[in-house]
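Colleague: Supplied in structure tokens, the structure appears directly below.
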Amino acid sequence: MNITGEDLILACSAIGAGLAVIAGIGPGIGQGIAAGYGASAVGRNPGAQGKIMSTMLLGQAVAETTGLYGLLVAMLLLFVKPLVG
Amino acid sequence: MNEAILMSASADNIDFMIHGLYSFELFGQEVWITTSHVCIAIVMMVLVIFSIIANRKLAHATEVPDTFQNVLELMVEKLSGIVEGNMGSHAPKFTNYICTIFVFILVSNISGLFGLRPPTADYGTTFALGIITFALIHITKWRNQSFKQIWTDMCSPLPPWFPLWLPINLISEIAVPISLSLRLFANVLSGTVMMALVYGLLAKIAYVWPAVLHVYFDLFSGAIQTYVFCMLTMTYITQSYGDEE
Chain A
19 MNITGEDLIL ACSAIGAGLA VIAGIGPGIG QGIAAGYGAS AVGRNPGAQG
69 KIMSTMLLGQ AVAETTGLYG LLVAMLLLFV KPLVG
Chain B
-10 MNEAILMSAS ADNIDFMIHG LYSFELFGQE VWITTSHVCI AIVMMVLVIF
40 SIIANRKLAH ATEVPDTFQN VLELMVEKLS GIVEGNMGSH APKFTNYICT
90 IFVFILVSNI SGLFGLRPPT ADYGTTFALG IITFALIHIT KWRNQSFKQI
140 WTDMCSPLPP WFPLWLPINL ISEIAVPISL SLRLFANVLS GTVMMALVYG
190 LLAKIAYVWP AVLHVYFDLF SGAIQTYVFC MLTMTYITQS YGDEE
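Note that the protein sequences, when read in sequence, are chains A and B. Note that this note's numbering has the first sequence beginning at 19, numbered continuously upward. Note that this note's numbering has the second sequence beginning at -10, numbered continuously upward.
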């Protein structure tokens, strides 16, 4: 079986896509920390639950961005194939 | 094969790509009418028809509102409440814009439920929204702050006569619309890809339970991202007023 240059690039792109999605670790930890502090804030002040909830969700959604960049890189590597000439 | 970003066809029955429908030449450039355009047109049509009906209804509003009028009043009150809460005294100028993009992005994100490919899963759409926000931020900034203030702000951690930090601040200004639009785009796209994978790979057993995934990816994620986009837009615009009060 002959492995052409293009095959090699595609295989490496798949590995690269897998590595890129590791970026999801960071936002996972960050969102967990935000949720934990949100829970303790609600425990301390149950009256402000609505406000805490919306602040927490906003912060989590912003923290999620870095993970989504990893996802985008993976998508580009897999489907747009920028490295194949 | 690569007509545009994410416009190519992939494996047999997994389909989450944008398809070109019709192409024409414009100034020597090939321009495609894609499925996103069609989906945006459908979303706009729904919104326009809804607005016309609502307008007719409110033209002869009654003292004691009936069901439809109640829903309309609730929507308007909630939305302008959000804008009021975040922008304070600057709210009246921007209520129209924020409410419009809120409704548009929300309906676009949810349109995945009705079998459309969400228009916000196309980077063209979200980047346009990001650019509008960017323009608003800078128009507000140049109208309400003097050049000296902006310059001091741009050199911010260092004194204004030593603009070493200027390039970094400029990059962070340019990053605003890009990160805003990429966040929305990637979130909606990930939901779309997920649903396409479920329906494509598990087609034999995909009965009823994908509804749960739809609720998460389309409704929950879509609503959160809409809220975040509008929130950040409001925060940036309020910031660009400077701290004059």
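Positions of the beta carbon are idealized from the N, C-alpha and C atoms, including for glycine.
#1: Mind checking whether the beta-carbon of residue 169/B lies closer than 7 Å to any heavy atom of the ligand SAM?
#2: Contact between the segment 143 to 161 of chain B and the segment 212 to 223 of chain B: three or more CB pairs below 8 Å?
#3: Should the segment 134 to 147 of chain B be called in touch with the segment 89 to 96 of chain B, which here means at least 3 C-beta pairs below 8 Å?
#4: Cα separation between residue 96/A and residue 4/B?
#5: Between residue 50/B and the rest of its own chain, which residues show a CB-CB distance below 7 Å, the 5 nearest in sequence each way excluded?
#6: Quick one: is residue 79/A near chain B, going by C-beta distance under 8 Å?
#7: Just reading off the beta strand (DSSP E) that residue 151/B is part of, what are its end residues?
#8: Where do the N-terminal and C-terminal ends of the beta strand (DSSP E) with residue 9/B fall, by residue?
#9: Rounded to whole angstroms, how far is the Cβ of residue 85/A from the Cβ of residue 45/A, which I believe are closer than 8 Å?
#10: Counting along the chain, where does the alpha helix (DSSP H) carrying residue 80/A start and finish?
#11: Just to confirm my understanding: we take residue 34/A, look at its own chain, exclude 5 residues before and 5 after, and list those with CB closer than 6 Å. What are they?
#12: Below 9 Å on C-beta distance, what does residue 22/A contact in chain B?
#13: Quick one: Cα of residue 177/B to Cα of residue 168/B, how far?
#14: What's the gap between the Cα of residue 119/B and the Cα of residue 166/B?
#15: Would you report the Cα separation of residue 175/B and residue 53/B, rounded to the nearest angstrom?
#16: Which residues of the segment 52 to 69 of chain B have a Cβ closer than 7 Å to any Cβ of chain A? Give them in chain order.
#17: Measure how close the beta-carbons of residue 79/A and residue 37/B come, nearest whole angstrom, since I'm counting them as under 8 Å.
#18: Excluding five sequence neighbours on each side, which residues of the same chain lie with their C-beta closer than 6 Å to the C-beta of residue 71/B?
#19: Is residue 171/B buried or exposed, if buried means 16 or more other CB atoms sit within 10 Å of its CB?
#20: Taking the beta carbon of residue 32/B as the centre, do at least 16 other beta carbons fall within 10 Å, making it buried, or is it exposed?
#21: Is residue 217/B close to chain A? Criterion is C-beta to C-beta, closer than 8 Å.
#22: Hey, would you say residue 29/B sits closer than 8 Å to residue 219/B, going by beta carbons?
#23: State buried or exposed for residue 103/A, treating a residue as buried only when at least 16 other CB atoms are found within 10 Å of its CB.
#24: Starting from residue 35/B, follow the alpha helix (DSSP H) in both directions and report where the run begins and ends.
#25: Check whether the Cβ of residue 132/B lies closer than 8 Å to any Cβ atom in chain A.
#26: Taking 8 Å as the CB-CB cut-off, is residue 75/A touching chain B?
#27: For a contact meaning CB atoms closer than 9 Å, what does residue 171/B contact in chain A?
#28: Report the rounded CA-to-CA distance for residue 142/B versus residue 67/A, giving the unit in angstroms.
#29: What does the alpha-carbon distance come out to for the pair residue 42/B and residue 66/B?
#30: Residues of the segment 154 to 180 of chain B with a CB closer than 9 Å to any CB of chain A: list them in chain order, please.
#31: Within 8 Å (strictly less), CB to CB, does residue 220/B reach chain A?
#32: For residue 109/B, count the other beta carbons within 10 Å of its own beta carbon; 16 or more makes it buried, fewer makes it exposed. Which is it?
#33: Might you give, ordered along the chain, the residues of its own chain that have their beta carbon closer than 6 Å to the beta carbon of residue 115/B, omitting 5 neighbours on each side?
#34: For residue 0/B, is the classification buried or exposed, using 16 other Cβ atoms within 10 angstroms of its Cβ as the cut-off for buried?
#35: Which residue marks the beginning of the alpha helix (DSSP H) containing residue 50/A, and which one marks its end?
Modeller: So, from the data block:
#1: Judged by which ligands are present, the structure shown has none, so any question about the ligand SAM falls away.
#2: Verdict: no, contact absent.
#3: When Cβ pairs closer than 8 Å are counted between the two stretches, the segment 134 to 147 of chain B is seen not to touch the segment 89 to 96 of chain B, the count staying below three.
#4: About 14 Å.
#5: Close CB contacts of residue 50/B within its chain, under the 7 Å cut and outside five residues either way in sequence, are with 58 (chain order).
#6: Cβ-Cβ to chain B under 8 Å: yes for residue 79/A.
#7: Annotation for residue 151/B: no beta strand (DSSP E) segment contains it, and DSSP assigns it neither H nor E.
#8: Residue 9/B -> beta strand (DSSP E) spans 9 to 15.
#9: Confirmed, Cβ separation roughly 4 Å.
#10: For residue 80/A, the enclosing alpha helix (DSSP H) begins and ends at 67 to 93.
#11: So the qualifying residues of the chain are 95.
#12: Ordered by position in chain B, no residue passes the 9 Å Cβ test against residue 22/A, which lies about 17 Å from the chain.
#13: The alpha-carbon atoms of residue 177/B and residue 168/B are separated by roughly 14 Å.
#14: CA-to-CA, the gap between residue 119/B and residue 166/B works out to about 5 Å.
#15: Near 44 Å, if we compare the C-alpha coordinates of residue 53/B and residue 175/B.
#16: Within the segment 52 to 69 of chain B, no residue has a Cβ that lies closer than 7 Å to any Cβ of chain A.
#17: That pair is no contact at about 29 Å.
#18: Around residue 71/B: no qualifying Cβ.
#19: So residue 171/B counts as buried.
#20: The residue in question, residue 32/B, is buried, as its Cβ has 16 or more Cβ neighbours within 10 Å.
#21: It does; some Cβ of chain A falls within 8 Å.
#22: Cβ atoms of residue 29/B and residue 219/B: not closer than 8 Å.
#23: Label assigned to residue 103/A: exposed.
#24: Per DSSP, the unbroken alpha helix (DSSP H) holding residue 35/B starts and ends at 24 to 48.
#25: Chain A, which has no Cβ nearer than 8 Å to the Cβ of residue 132/B, makes this no.
#26: Yes, residue 75/A lies at the interface with chain B (some Cβ there is under 8 Å from its Cβ).
#27: What residue 171/B touches in chain A: 83, 86, 87 and 90.
#28: Looking at the two C-alpha atoms, the distance is approximately 35 Å.
#29: The straight-line gap from Cα to Cα measures roughly 18 Å.
#30: Per Cβ criterion, the list reads 168, 171, 172, 174, 175, 176, 178 and 179.
#31: Closer than 8 Å: yes.
#32: Looking at its Cβ environment, which holds 16 or more other Cβ atoms inside 10 Å, residue 109/B is buried.
#33: Contacts found: 109, 170, 173 and 174.
#34: Bear in mind that the predicted position of residue 0/B carries a pLDDT of just 49, short of 50, making it unreliable; the figure below should be weighed with that in mind. Under this definition residue 0/B is an exposed residue.
#35: 43 to 62 is the span of the alpha helix (DSSP H), which, as asked, contains residue 50/A.
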